[in-house]
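First residue of the sequence shown? That's 376 in the numbering used here, and the numbers climb one at a time after it.
Worksheet: one structure, shown below.
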Amino acid sequence: MAGSLDALADLLSRLRIDGDAVLILKELKTALLSLPIDDLEGLTRNVSLAPVFDRLNSSDKQQIGLACDLLTSMLTSLPPNCIMPQFQTELHRGLLHPEPFVKEMVLKQIKRCVQQQAFLDNGRDIAMITVRLIGDDNLSVAKHASEVVVDLNKTVTGFNLIFAPSVVCQMKDLLAKNDTVRFRMHEVIVKIATHSTQGLTKCEEWDLLSYILNEYQLNDILIQLNCLELLSDLAMAEHSLYFLETKGVINDLEKLLQQESMNGVSGFLLPGLIKFFGNMAHVRPKEVCEKHPSFINMLFKFIDSNDHTLLLIAIETVSMIGATVDGKITLEKMREMMKNYTKKLGTAIVNAPSELRVKAMNAASILLDLKVQDQTTDMLSLTELWFSWLASEPMQLLLNLCRQPFADIRCAALGILRSLAHQSWGQQKMSLYPGFLEYILDRNTEGDKEGKDLKFEIISILVSSPTSQEIFGTNGMLKLKEYYKQGPYYVFAHAEVAVDGAS
Numbered sequence: 376m377a378g379s380l381d382a383l384a385d386l387l388s389r390l391r392i393d394g395d396a397v398l399i400l401k402e403l404k405t406a407l408l409s410l411p412i413d414d415l416e417g418l419t420r421n422v423s424l425a426p427v428f429d430r431l432n433s434s435d436k437q438q439i440g441l442a443c444d445l446l447t448s449m450l451t452s453l454p455p456n457c458i459m460p461q462f463q464t465e466l467h468r469g470l471l472h473p474e475p476f477v478k479e480m481v482l483k484q485i486k487r488c489v490q491q492q493a494f495l496d497n498g499r500d501i502a503m504i505t506v507r508l509i510g511d512d513n514l515s516v517a518k519h520a521s522e523v524v525v526d527l528n529k530t531v532t533g534f535n536l537i538f539a540p541s542v543v544c545q546m547k548d549l550l551a552k553n554d555t556v557r558f559r560m561h562e563v564i565v566k567i568a569t570h571s572t573q574g575l576t577k578c579e580e581w582d583l584l585s586y587i588l589n590e591y592q593l594n595d596i597l598i599q600l601n602c603l604e605l606l607s608d609l610a611m612a613e614h615s616l617y618f619l620e621t622k623g624v625i626n627d628l629e630k631l632l633q634q635e636s637m638n639g640v641s642g643f644l645l646p647g648l649i650k651f652f653g654n655m656a657h658v659r660p661k662e663v664c665e666k667h668p669s670f671i672n673m674l675f676k677f678i679d680s681n682d683h684t685l686l687l688i689a690i691e692t693v694s695m696i697g698a699t700v701d702g703k704i705t706l707e708k709m710r711e712m713m714k715n716y717t718k719k720l721g722t723a724i725v726n727a728p729s730e731l732r733v734k735a736m737n738a739a740s741i742l743l744d745l746k747v748q749d750q751t752t753d754m755l756s757l758t759e760l761w762f763s764w765l766a767s768e769p770m771q772l773l774l775n776l777c778r779q780p781f782a783d784i785r786c787a788a789l790g791i792l793r794s795l796a797h798q799s800w801g802q803q804k805m806s807l808y809p810g811f812l813e814y815i816l817d818r819n820t821e822g823d824k825e826g827k828d829l830k831f832e833i834i835s836i837l838v839s840s841p842t843s844q845e846i847f848g849t850n851g852m853l854k855l856k857e858y859y860k861q862g863p864y865y866v867f868a869h870a871e872v873a874v875d876g877a878s
């Protein structure tokens with residue numbers, strides 16, 4: 376192995392000499408693919424990457440692309456805390472490169488080390504350039520830059536970097552650009568504001584939220600829709616929701632919802648308004664359902680809509696409200712509405728287009744989920760009732776879906792089984808359903824990682840549950856524990872029997 380590492384080091388040194396750089400880069404790329412990760416890290420630590428970084432300055436796009444591939448492999452082999460001390464200058468230069476894929480490569484490396492102290496101590500210039508790249512013409516570059524800034528906000532030092540006057544000025548420059556860039560920058564600002572009270576306070580001090588607060592009532596539909604999207608995200612955290620309340624935004628949106636409701640379900644702003652109040656109801660379910668009847672009435676009207684877009688909004692919004700115990704208790708008071716909702720949910724699971732079927736099953740798994748610490752007799756009775764409303768034979772429906780040939784359908788159905796596995800009534804239904812144990816123990820039903828992981832998670836829940844021993848019995852539990860012990864990816868070894876005379 377030492378000889379091959381020496382050969383790679385020699386190839387890297389040859390890049391310094393003008394020659395057939397493309398050929399050398401290709402040889403390096405092929406050679407690196409066969410290296411174990413530890414050897415790759417050792418090589419990267421002990422050779423100079425300057426010749427590879429220098430190839431980023433080439434006018435030959437093929438050279439630049441190959442150099443990018445090499446740098447991605449080699450830098451990724453290093454621990455995040457090694458990146459900034461060794462390559463700060465190169466990363467800074469890469470962010471200014473004209474090729475989008477170079478900027479993407481650099482931003483991915485910065486994202487790995489953005490919370491490392493070495494970055495936080497020396498990263499102000501890089502932070503400012505990264506903020507500027509949120510306005511990049513290339514959407515992928517802008518996306519990666521946004522992710523870096525949001526991650527940077529999650530540390531005290533990074534937070535201070537973001538709110539340095541020079542960096543805030545860069546944010547404000549982007550807010551003065553076209554609607555697309557401005558919305559992109561506001562998405563980042565909203566994530567910062569919802570992450571912490573301190574973030575919200577700083578955003579308000581620097582007047583970074585005024586656009587959202589001032590323009591949602593304009594007569595421009597596109598601007599209103601964008602503002603509603605941003606306000607909906609702000610409604611997901613208690614501190615930012617309180618901020619909107621003090622600014623009169625919630626009252627304004629209630630009035631707007633009432634106006635839009637006069638057009639039935641055809642109002643352009645209704646989906647955005649429903650999403651806003653749905654997010655708010657996730658945080659304050661009782662208050663929203665009692666004080667905002669227009670929202671509740673319109674939400675359950677959407678359930679009966681033939682428009683799949685509106686139906687999906689309603690399906691996901693109700694499940695979001697019902698994700699918490701307080702939300703479930705609030706929804707329980709709307710018994711007839713919830714009965715209609717769960718029946719419509721079951722119909723969508725059976726008859727809707729594939730994407731909507733999957734999302735309906737995801738909603739059902741959220742609504743039915745009830746962790747052990749929340750399992751009172753009343754709450755268990757409620758989730759069991761909702762499950763019974765999904766279909767005339769909900770377990771049969773569920774197991775039929777688990778045997779579908781489409782992985783996304785099977786995995787979504789397994790998600791519902793996972794919710795049931797936490798609860799004693801769900802375990803009872805599983806144990807009593809003919810063929811359930813054989814199905815859940817059959818490793819041949821799932822070919823991909825997601826399906827295998829979901830099955831294993833269900834079995835893990837059953838194995839660790841305090842009620843499953845009595846329900847599944849000794850024999851059933853032995854089989855479940857054996858599966859659990861073998862892990863999610865166990866493959867049976869098939870013994871080969873030699874037969875005399877066989878050729």
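The beta-carbon is built from N, C-alpha and C at its ideal position, and this holds for glycine as well.
Length of the line joining the Cα atoms of GLU580 and LEU742: Their Cα atoms are separated by approximately 39 Å.
Complete runs of the beta strand (DSSP E) confined to the segment 443-474 [at least 3 residues]: DSSP runs (the beta strand (DSSP E)) wholly in the segment 443-474: none.
Start and end residues, alpha helix (DSSP H) containing ARG557: 554-570 is the extent of the alpha helix (DSSP H) around ARG557.
Short Cβ contact (8 Å threshold) for GLN803 with ILE846: Contact check for GLN803 against ILE846 passes: the beta carbons are separated by less than 8 Å.
LEU588 and VAL624 closer than 8 Å at C-beta: In this structure, VAL624 lies closer than 8 Å to LEU588 by Cβ.
Alpha carbon of MET712 to alpha carbon of PHE675, nearest angstrom: Each residue's alpha carbon lies about 7 Å from the other.
Any C-beta of chain B under 8 Å from that of ILE598: Although the question refers to chain B, the structure presented lacks it and comprises just one protein chain.
Beta-carbon proximity list for LEU609, same chain, < 8 Å, skipping 5 on both sides: Only VAL565, ALA568, THR569, ILE587, SER615, LEU616, PHE618, LEU619 meet the Cβ criterion.
Supposed close pair ARG796, LEU837 - CB separation, criterion 8 Å: First, the amino acid is wrong: residue 796 is Ala here, not Arg. Indeed they touch by this definition, with Cβ atoms about 5 Å apart.
Environment of LEU514 [buried if 16+ CB atoms lie within 10 Å]: Under the 10 Å beta carbon count, LEU514 is surrounded by fewer than 16 other beta carbons and is classified as exposed.
CB-CB length for GLY647 against GLU707, believed under 8 Å: So it is not a contact: roughly 28 Å between Cβ atoms.
Residue range of the unbroken alpha helix (DSSP H) whose run includes GLU845: Following the DSSP letters along the chain, one finds GLU845 inside the alpha helix (DSSP H) bounded by residues 843-861.
6 Å Cβ shell around LEU584 - same chain, five flanking residues per side excluded: If we look at LEU584 and ignore the five residues flanking it on each side, its Cβ neighbours are CYS578.
6 Å CB neighbourhood of PHE811 in its chain, flanking five on each side removed: So the list reads MET805, once near-sequence residues are dropped.
Sequence-distant residues of the same chain with beta carbon closer than 6 Å to GLU612, five excluded per side: The identity of residue 612 in the sequence shown is Ala, whereas the question assumes Glu. Within the same chain, ALA612 has close Cβ partners THR569.
Residue span of the alpha helix (DSSP H) that contains PHE670, given as start and end: Residues 668-678.
GLY702 classed as buried or exposed, judged by whether at least 16 other C-beta atoms fall within 10 angstroms: Burial call: buried.
Inter-residue CB distance, LEU445 and LEU407 (contact presumed, cutoff 8 Å): Confirmed, Cβ separation roughly 7 Å.
Beta-carbon proximity check, LEU415 vs MET449, cutoff 8 Å: Yes, they are a contact pair.
Where ILE587 falls: helix, strand or coil (DSSP): In the three-state reduction of the DSSP assignment, ILE587 falls in the helix class, which pools H, G and I.
Contacts around SER348, its chain only, beta-carbon distance under 8 Å, and the 5 residues preceding and following it disregarded: Residue coverage of the chain in this structure runs from 376 to 878, which leaves residue 348 outside it and unanswerable.
C-alpha gap between ILE441 and LYS401, whole angstroms: Contrary to the premise, residue 441 reads as Leu rather than Ile in this sequence. Straight-line Cα distance between these residues: approximately 7 Å.
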